[in-house]
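Every letter in the sequence shown is one number past the one before it in my numbering, and letter 129, counting from 1, is 130. Worksheet for the structure shown next.
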Amino acid sequence: MIHYKTSEEVQLIKESAQILGKAHGEVAKLVKPGVKTADLDKVAEEFIRDHGGIPSFKGYNGFPASLCISVNEVVVHGFPSGYVLKDGDIISIDCGVFHQGFHSDCAYTYPVGEVSPKVLSLLKATKESLYLGIENAIAGKRIGDIGNAIQKYVEAKGYTVVRELVGHGVGKSLHESPEVPNYGKKGSGPLLKDGMVLAIEPMVNLGTRNVVQERDGWTIRTADRRPSAHFEHTVAIFEDRTEILTTHQYIEENFKF
Ligand code: MG
Ligand code: MG
Numbered sequence: 002m003i004h005y006k007t008s009e010e011v012q013l014i015k016e017s018a019q020i021l022g023k024a025h026g027e028v029a030k031l032v033k034p035g036v037k038t039a040d041l042d043k044v045a046e047e048f049i050r051d052h053g054g055i056p057s058f059k060g061y062n063g064f065p066a067s068l069c070i071s072v073n074e075v076v077v078h079g080f081p082s083g084y085v086l087k088d089g090d091i092i093s094i095d096c097g098v099f100h101q102g103f104h105s106d107c108a109y110t111y112p113v114g115e116v117s118p119k120v121l122s123l124l125k126a127t128k129e130s131l132y133l134g135i136e137n138a139i140a141g142k143r144i145g146d147i148g149n150a151i152q153k154y155v156e157a158k159g160y161t162v163v164r165e166l167v168g169h170g171v172g173k174s175l176h177e178s179p180e181v182p183n184y185g186k187k188g189s190g191p192l193l194k195d196g197m198v199l200a201i202e203p204m205v206n207l208g209t210r211n212v213v214q215e216r217d218g219w220t221i222r223t224a225d226r227r228p229s230a231h232f233e234h235t236v237a238i239f240e241d242r243t244e245i246l247t248t249h250q251y252i253e254e255n256f257k258f
């Protein structure tokens with residue numbers, strides 16, 4: 002069942018997303034070679050709690066942290082750990098905030114230090130595909146139009162789209178209906194309507210699209226251990242426009258690639 006939000010509810014999600022965006026910005030200041038990923042998690046959790054929010058991921062089905070930190074071949078759902086970032090890594094940082102009864106969800110993949118041009122191109126294309134997906138997330142279109150736009154764009158560049166993990170509705174629950182695949186056919190799936198709030202989150206691989214789950218029950222990595230990128234926004238669909246509720250602004254003030 003899809004929960005359609007009132008404009009007041011969308012406003013609450015936007016307020017949650019502001020805390021989230023600023024938490025991402027605090028983390029962005031620290032992403033560089035030599036930093037332990039567990040330290041990024043601490044900074045995010047402290048910022049979110051100091052601003053009256055609750056980290057959505059911590060304790061979600063037993064997830065142990067406030068951030069999903071996914072380095073290099075890890076696609077999503079990696080744990081913050083004692084791993085120390087090194088020059089040439091890429092790191093996906095995914096975070097959610099629960100505030101005033103509503104969640105928001107947003108992710109960004111960073112190059113760490115000097116990254117190979119090939120991998121940097123993967124990051125750029127994945128970020129661009131997110132915005133193409135959002136351009137197609139408008140009232141009157143269908144869920145499949147979002148995934149189709151993402152898939153067509155990244156596959157034309159020789160990349161592949163992960164199928165096993167998808168975007169989702171966002172609201173009082175972190176993951177709501179409908180699923181938002183990053184692949185699909187134009188004109189297929191649920192109709193996009195006023196009041197839908199969706200997390201759109203392309204996961205794009207340099208090599209095979211196949212992924213495997215590690216024995217920890219969470220970490221998803223590429224089957225061929227080549228790099229994977231992930232960008233995410235939470236958006237609200239209105240009759241006459243679509244608004245991006247989350248923001249990468251505070252990341253990109255501190256971090257350019
Ligand atoms: Mg997320
Ligand atoms: Mg999500």
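Think of the CB as a built atom: it goes at the ideal place given N, C-alpha and C, for glycine as much as any other residue. Computed from a predicted structure; not experimentally measured.
Consider the C-beta atom of E136 and the heavy atoms of ligand 2; say whether any pair is separated by less than 8 Å.
The answer is no for E136.
Would you mind reading off the limits of the alpha helix (DSSP H) that contains E27?
Run containing E27: S8 to A29, per the alpha helix (DSSP H) assignment.
May I ask whether a heavy atom of ligand 2 can be found less than 8 Å away from the beta carbon of G172?
False, no ligand heavy atom lies under 8 Å from that Cβ.
What are the boundary residues of the alpha helix (DSSP H) that N149 is part of?
Element bounds for N149: I144 to A157.
Does the Cβ of A157 have 16 or more other Cβ atoms within 10 Å, making it buried, or fewer, making it exposed?
Of the other Cβ atoms in all chains shown, fewer than 16 fall within 10 Å of the Cβ of A157; this residue is therefore exposed.
Using only the alpha-carbon positions, how far apart do L207 and G159 sit?
Cα-Cα distance, rounded: 8 Å.
First and last residue of the alpha helix (DSSP H) that includes L192?
Counting along the chain, L192 falls outside any alpha helix (DSSP H), and DSSP gives it neither H nor E.
Near V116, what residues of its chain come up, given a Cβ to Cβ distance below 7 Å and the 5 sequence neighbours on each side ignored?
Non-local C-beta neighbours of V116 in its own chain, meaning closer than 7 Å and more than five positions away in sequence, comprise G89 and I91, ordered along the chain.
Please classify M1: is it buried, with 16 or more other beta-carbons within 10 angstroms of its beta-carbon, or exposed?
The displayed coordinates of the chain run from 2 to 258. Any statement about residue 1 would go beyond what the structure contains.
Which residue wins for smallest C-alpha separation from Q101, given the options V85, D42, I14 and Y132?
Answer by Cα proximity: I14.
For the putative contact between A18 and S93, defined by C-beta atoms under 8 Å, what is the C-beta separation to the nearest angstrom?
The Cβ separation is near 18 Å, so there is no contact.
At a cut-off of 8 Å, is E202 close to ligand 2 when judged by its beta-carbon and the heavy atoms of the ligand?
Yes, since a heavy atom of ligand 2 falls inside the 8 Å radius drawn around the Cβ of E202.
Proximity of N149 and K187 at Cβ, strictly below 9 Å:
Yes, Cβ-Cβ distance for N149 and K187 is below 9 Å.
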